[in-house]
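Using this note's numbering, count along the sequence shown one by one with no gaps and you end on 199.
Have a look at the structure below, then the notes.
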Amino acid sequence: MSRQQKLPAGVTLNKAIFLDRDGTINVEKDYLIDPAELVLLPGVGEALRRGQEAGFLLIVVTNQSGVARGYFTASAVEELHDHLQRELFSFGVRIDAFYLCPHHPEHGAGPCHCRKGEPGMLLQAAREHHIDLAASWMIGDKRSDVEAGINAGCRSILVRTGYGRQEELGLPPSTLIADSLTTAIELVLAKK
């Protein structure tokens with residue numbers, strides 16, 4: 008959202024923590040679609056609750072190329088997100104919104120603006136939820152997550168869960184890196 012954009016009277020900007028899903032919130036599993044196979048990473052529920060209690064919106068942004076590849080439908084992804092939401096409710100956590108990119112450059116429509124490292128999903132969320140991107144964070148386990156956050160104007164953190172340990176090798180030395188979502192949220196809260 009442009010800082011120049013005028014908001015309706017009485018509307019204030021929110022701050023958000025944008026979250027990759029697989030490998031960041033839950034155990035990485037290629038083309039996860041079966042709710043029975045979703046396993047939260049240790050400490051995720053408590054960490055997300057701390058971020059929510061600190062006033063951040065929690066927004067999941069996830070690349071789901073399995074839709075473009077024909078492995079599953081977007082509605083099946085929504086059902087999985089409903090299941091994830093129920094799992095997090097037990098920790099007192101509510102994800103404010105889910106955004107997914109169903110595209111893949113080699114399957115279907117070609118390049119898009121929503122596939123991370125592009126910032127499309129974050130920019131859409133910023134418009135729809137009145138988010139101040141400069142006061143917000145992107146947390147994920149891939150270089151594309153970090154790039155999406157930077158390209159949207161957020162601060163970004165790579166977590167070493169999921170693909171994070173392999174992905175950190177080529178990142179600039181200034182990149183913030185955390186061992187888990189728990190330590191990433193601690194970094195966010197220390198820098199807010």
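Just so it is clear, CB atoms sit at the ideal spot from N, CA and C, and this is done for glycine as well.
Since the model is a prediction, treat every value here as computed from it, not as a measurement.
- The Cβ-Cβ distance between His-120 and Ser-72 does not fall below 8 angstroms.
- Listed as beta-bridge partners of Asp-29 by DSSP are Asn-33.
- Short of 7 angstroms from the beta carbon of Thr-182, and not among the five residues preceding or following it, lie these beta carbons of its own chain, in chain order: Val-153, Leu-165.
- Lys-149 is a Cβ neighbour of Tyr-170, given a cutoff of 8 angstroms.
- In the DSSP annotation of this structure, the continuous segment of the beta strand (DSSP E) that includes Val-68 starts and ends at 63-70.
- Note that the C-beta distance between Leu-20 and Asp-103 is not below 8 angstroms.
- Here Ile-102 carries a coil assignment [DSSP, helix/strand/coil].
- Shown here, Ile-40 sits in coil according to DSSP, grouped into three states, outside any helix or strand.
- Under the three-state reduction of DSSP output, Ser-82 falls in the helix class.
- Here Arg-101 is exposed: its Cβ has fewer than 16 other Cβ atoms, across all protein chains shown, within 10 Å.
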